[in-house]
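2 protein chains.
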Amino acid sequence: MASGSEKFERLAALVAEVVNLRQASGILYWDQQTMMPKAGAEARGNQMATLDKLAHEKFTRPEIGQLLEDLRSHEASLPHDSDEASAIRVTRREYEKATKLPPDLVERLSRAANDGFGVWLQAREARDYQVFRPALERTYGLMREVADVLGYQDHPMDPLLDQSEPGMKVAEVETLFAELRETLVPLCQAIFAKVDAVDDRPLRQRFPHDQQMAASREAARIAGFDLETRGRLDLSVHPFTIGFSPNDVRITTKVDEDFLTTSFFASLHEAGHGNYGQGVPAKFQQSLLDDGPSAGLHESQSLLWENVVGRSRAFWEFYYPSLKRVFPAQFDGVSMESVYRAVNKVQPSFIRVDADEVTYNLHVMLRFELEKAVFDGKLALKDLDEAWNAKFKDYLGLTPPDDLAGVLQDIHWTGGFGAAFAGYTIGHVSCLQLYEKACRDIPGLEAGFARGEFAPLLGWMNRNIHAHGSKFTPQELLERATGRPLTAKPYLAYIRRKFGEIYGV
Amino acid sequence: MASGSEKFERLAALVAEVVNLRQASGILYWDQQTMMPKAGAEARGNQMATLDKLAHEKFTRPEIGQLLEDLRSHEASLPHDSDEASAIRVTRREYEKATKLPPDLVERLSRAANDGFGVWLQAREARDYQVFRPALERTYGLMREVADVLGYQDHPMDPLLDQSEPGMKVAEVETLFAELRETLVPLCQAIFAKVDAVDDRPLRQRFPHDQQMAASREAARIAGFDLETRGRLDLSVHPFTIGFSPNDVRITTKVDEDFLTTSFFASLHEAGHGNYGQGVPAKFQQSLLDDGPSAGLHESQSLLWENVVGRSRAFWEFYYPSLKRVFPAQFDGVSMESVYRAVNKVQPSFIRVDADEVTYNLHVMLRFELEKAVFDGKLALKDLDEAWNAKFKDYLGLTPPDDLAGVLQDIHWTGGFGAAFAGYTIGHVSCLQLYEKACRDIPGLEAGFARGEFAPLLGWMNRNIHAHGSKFTPQELLERATGRPLTAKPYLAYIRRKFGEIYGV
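See below:
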């Protein structure tokens, strides 16, 4: 009879095959978004659907289920936080979810995501949501199927949310949004009344593409992302990060030549995700522990570099002289303080990814509420564009000029519908919870930014978050790192303090 | 009982899965050569090995064998050249070869190729063949295993040659080389004696990278390769072409800023391969008919655009004014005729891919003879560098200054050893055989080049070669297109005529 260790080795080999298929599919996705000639879309759909189907087929083979059963006593004999027990535990959890999904459904999801991406691009060109609607109806139908297959007690979005935020419930997200709404809505109104107190015109000049890319690369480097031997930075319609091992992590950005902020902060943001990918130990790379445990915790790392670092006064004390060297004419006579204020301008705006730290979570709340209304049967997808615009008017006082600036802005709905956005808000909240603890552990942390010292912060995240891969649930990991469960208090305190000072509110 | 058509549909679906896995592996390879951060190599090896192993596993499943048996009478009821009969016939031939190779050997080949590529890069940096030798010994050992498993009657390289040149034997290649040697060796000697009759200094000036890339893109476009919606041109250490469907075909080049010829003709060459890929009908894209039947016929298409078109006087009559606009200073006072002569300079040189049309096949002959000597046990791999240099001195009168300019120049030996080079010479020979027929079919074809009319030639190749995918064996296809079997006569007549005129020999 094979020993526990032998069985674990066999399990690890079977899982490695699945991981390699998923990584291969990721490479095809990256290529599709950055390099692929337009006409290649149809073949790419077939290729990705085949890989996704096979990955699913290989992961759900009965031998894995049998090994997981056989390994129960071996697992119990190991410490909970050992690599081996964690790999068995996480593999079992994923296996149980995956065996519920029939291969045929997985393949249909993959094809719908690929087709949906193509239709989304067409709809964006036409600036018309109704072009995209049939693709979204298909995706939504598939999501309902997924929810039914995975099962739920309280809400059909619960099992979908669980895919990106293991353990989190729709009801908890609603509670979190209620707490945020209480502070953010009055704060926004107070700031909107004084919106001219901050002038962001210095950022709205002509900044040529190539210099912006140079600044974006510099931003990623400052954040500690390895662009040389273990990573890349490219262009895509919607910035994203993807890793195929800790030694091959790729981030993308997009450039608006009339607005410096878009690419610069997208690069810092994706570099934060990239830091997570590059920070997971290589020993996990052929296992299911090879990335963070949730979208929200991943987002905490991107927001850390985009907002908490990149929009801090200390960062600009350090970085502004370099930026001025790249764009001397544009920043002639502009003070560091005005740039600091400009990058923190709060205003109602259309595009989520360009939104400031105060309004951002209103954008997320809107999406979450619309998705929930669709799942609750209170909103039909044919009316999603109008519902979007009405709610947008409610929260931000604006009506999008067209669907491109409204309901068509996010890539997320090309491949899924339901609960994927909540992770962004969980990201904001957990980001500040982690940062508060890092500041307590490392005296003078933020002051060091002004001297270009960012490595201590990355080191803290490497040790307390990245080092664990997905050994722990997001809740466990957050508690291990900060000593308490998810709380919005540090985030709300940070927002009140920072924007209270800038706007005098 | 399922009908023949139903069984064929099932077979096609199973084969499509294999084709998609191979295409995915191809995308990973392209990325590895053009985009991948250095440190990603190890993970990439695992990913590609997994895909290659699965593709093999899926292709060799007994159900495919059973379907191929069951389809024999259905196949016999269809015309030999019908798409369906051809798909069954080609799938059966490939299946019989593939079922002979154990999956474990396929995976070891894939890993060896990946590792070998990394070691080759290191050896090139060190300019030292002995750094590469252990990788080559591993590859050679695997090739012997492959030969033994596939089986042979006459020579162990026969089954390896059969992989790229179905139906061709090592003994036939030797006969072909003997015929070429008879004309080429004395012709080379006559030309080498008058080597200064052609001055290629106009091509050996400073040509900045970006302008060269612009000229290279223009060259590919002139050849008819679609760079916009169905293809790309990128940079890599060794130029190559790969396709993932007729709608996604990618070519690469490399730039030498001190020599115009390298990138310009590499781009024309790869565009020729790319034309083949883009020319295969889309209906074949999910089947094994989705590319040409042999490396040699593929090479006939690349050499057509690189040499027969790109080094013709008529081409330069058309193109020289454009090139002069890109490089006005470099070509100030240089006549079209001197550029035509310069791009046709014949001289002993180190690098195969830079060699002229007359010496090129001596480079190939050298590799073929060295490989054969290793397989015949007459040469040890530890002595390959010295044997290379000695033979090089014999054929071309030169000794490579280091291994980078010698035995380390080709990427081919990173993934295989034995018979892959013969296709280049078969390519030269069949290229001129096809071109001679195209000229007979289309009066004034070559004169049209001077007016920028290249579409008739591409159209002829589309109809007579590309349109058939790999429905026919190379021999069948060549006979269908030209009315006779492979013959070196048109190639030798072309070489004697063209270079006789240029050198007055």
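Residue numbers (the numbering used here), protein chains in the order written: chain A, 4 to 508; chain B, 4 to 508. Note that CB positions come from ideal geometry on N, CA and C, so glycine has one too. Please read all numbers here as calculations on a predicted model, not as lab measurements.
Within-8 Å CB hit, residue i to chain B
{"i": "A/Met171", "result": "no"}
{"i": "A/Met38", "result": "yes"}
{"i": "A/Glu128", "result": "no"}
{"i": "A/Arg510", "result": "Only positions 4 to 508 of chain A appear in this structure, which leaves residue 510 of chain A out of reach."}
{"i": "A/Asp294", "result": "no"}
{"i": "A/Asn250", "result": "yes"}
{"i": "A/Thr142", "result": "no"}
{"i": "A/Ala217", "result": "no"}
{"i": "A/Gln26", "result": "yes"}
{"i": "A/Asn49", "result": "yes"}
{"i": "A/Leu57", "result": "yes"}
{"i": "A/Thr53", "result": "yes"}
{"i": "A/Asn467", "result": "no"}
{"i": "A/Asn23", "result": "yes"}
Supposed close pair residue i, residue j - CB separation, criterion 8 Å
{"i": "A/Ile254", "j": "A/Gly277", "result": "5 Å"}
{"i": "B/Leu271", "j": "B/Glu97", "result": "Not confirmed; about 31 Å, so no contact."}
{"i": "A/Leu300", "j": "A/Pro137", "result": "No, A/Leu300 and A/Pro137 are not in contact; Cβ-Cβ is about 35 Å, not under 8 Å."}
{"i": "A/Lys257", "j": "A/Leu238", "result": "6 Å"}
{"i": "A/Pro205", "j": "A/Val342", "result": "6 Å"}
{"i": "B/Tyr506", "j": "B/Ala200", "result": "6 Å"}
{"i": "B/Glu182", "j": "B/Ala491", "result": "5 Å"}
{"i": "A/Glu360", "j": "A/Ile498", "result": "7 Å"}
{"i": "B/Pro493", "j": "A/Thr232", "result": "In fact, because the Cβ distance is near 50 Å, the residues do not count as touching under 8 Å."}
{"i": "B/Gly227", "j": "B/Ala458", "result": "7 Å"}
{"i": "B/Thr428", "j": "B/Leu190", "result": "B/Thr428 to B/Leu190, Cβ: 15 Å. No contact."}
{"i": "A/Leu448", "j": "A/Tyr398", "result": "A/Leu448 to A/Tyr398, Cβ: 34 Å. No contact."}
DSSP beta-bridge partners of residue i
{"i": "A/Val252", "result": "A/Gly234, A/Gly246"}
{"i": "A/Asp259", "result": "A/Phe262"}
8 Å Cβ cutoff, residue i in contact with chain A
{"i": "B/Lys41", "result": "yes"}
{"i": "B/Asn278", "result": "no"}
{"i": "B/Gly234", "result": "yes"}
{"i": "B/Phe247", "result": "yes"}
{"i": "B/Glu20", "result": "yes"}
{"i": "B/Ala46", "result": "yes"}
{"i": "B/Asp34", "result": "yes"}
{"i": "B/Ile67", "result": "no"}
{"i": "B/Thr94", "result": "no"}
{"i": "B/Leu31", "result": "yes"}
{"i": "B/Gln288", "result": "yes"}
{"i": "B/Asn117", "result": "no"}
{"i": "B/Ile364", "result": "The question names Ile, yet the displayed sequence has Asn at residue 364 of chain B. Closer than 8 Å: no."}
**OP:** Kindly provide the ranges of any alpha helix (DSSP H) runs that are 4 or more residues long and lie completely inside the stretch 15-64 of chain A, ordered along the chain.
**Re:** List check, alpha helix (DSSP H) in window: 44-62.
**OP:** Only counting runs of 4 or more residues, tell me where the alpha helix (DSSP H) segments fall wholly within the stretch 304-333 of chain A, in order along the chain.
**Re:** 316-329
**OP:** Please go through the stretch 161-239 of chain B and give each complete beta strand (DSSP E) segment of 3 or more residues, from N-terminal end onward.
**Re:** 234-238
Original post:
Whole alpha helix (DSSP H) runs in the stretch 271-306 of chain B with 4 or more residues, listed along the chain?
Top reply: 298-306
Original post:
Counting pairs of beta carbons, one from the stretch 110-122 of chain A and one from the stretch 382-394 of chain A, are three or more of them closer than 8 Å?
Top reply: no
Original post:
If we count Cβ pairs, one from each stretch, closer than 8 Å, do we get three or more for the stretch 51-64 of chain B versus the stretch 106-118 of chain B?
Top reply: yes
Original post:
Is it true that the stretch 207-227 of chain B meets the stretch 7-23 of chain A, where meeting means three or more beta-carbon pairs spaced less than 8 Å apart?
Top reply: They do not touch, by the three-pair rule.
**OP:** Say whether the stretch 57-66 of chain B touches the stretch 126-145 of chain B, bearing in mind that this needs 3 or more beta-carbon pairs closer than 8 Å, one atom from each stretch.
**Re:** no
Subject >> Validate contact between the stretch 315-324 of chain B and the stretch 447-456 of chain B using beta carbons, cut 8 Å, 3 pairs >> reply: yes
Subject >> the stretch 253-286 of chain B: positions lying closer than 7 Å to chain E by Cβ >> reply: Among the chains of the structure shown, chain E does not appear; the protein chains present are A and B.
Subject >> contact_flag[the stretch 100-108 of chain B, the stretch 374-381 of chain B] where n(CB pairs < 8 Å) is 3 or more >> reply: no
Subject >> Validate contact between the stretch 406-415 of chain A and the stretch 143-153 of chain A using beta carbons, cut 8 Å, 3 pairs >> reply: no
**OP:** For the stretch 154-174 of chain B and the stretch 421-439 of chain B, state whether three or more C-beta atom pairs, one from each stretch, are separated by less than 8 Å.
**Re:** Output reads yes: the stretch 421-439 of chain B touches the stretch 154-174 of chain B.
**OP:** Inspect the CB distances between the stretch 65-81 of chain A and the stretch 13-25 of chain A and report whether three or more fall short of 8 Å.
**Re:** yes
Original post:
What are the uninterrupted segments assigned as beta strand (DSSP E) that are 3 or more residues long and contained completely in the stretch 465-489 of chain B, given in chain order?
Top reply: none
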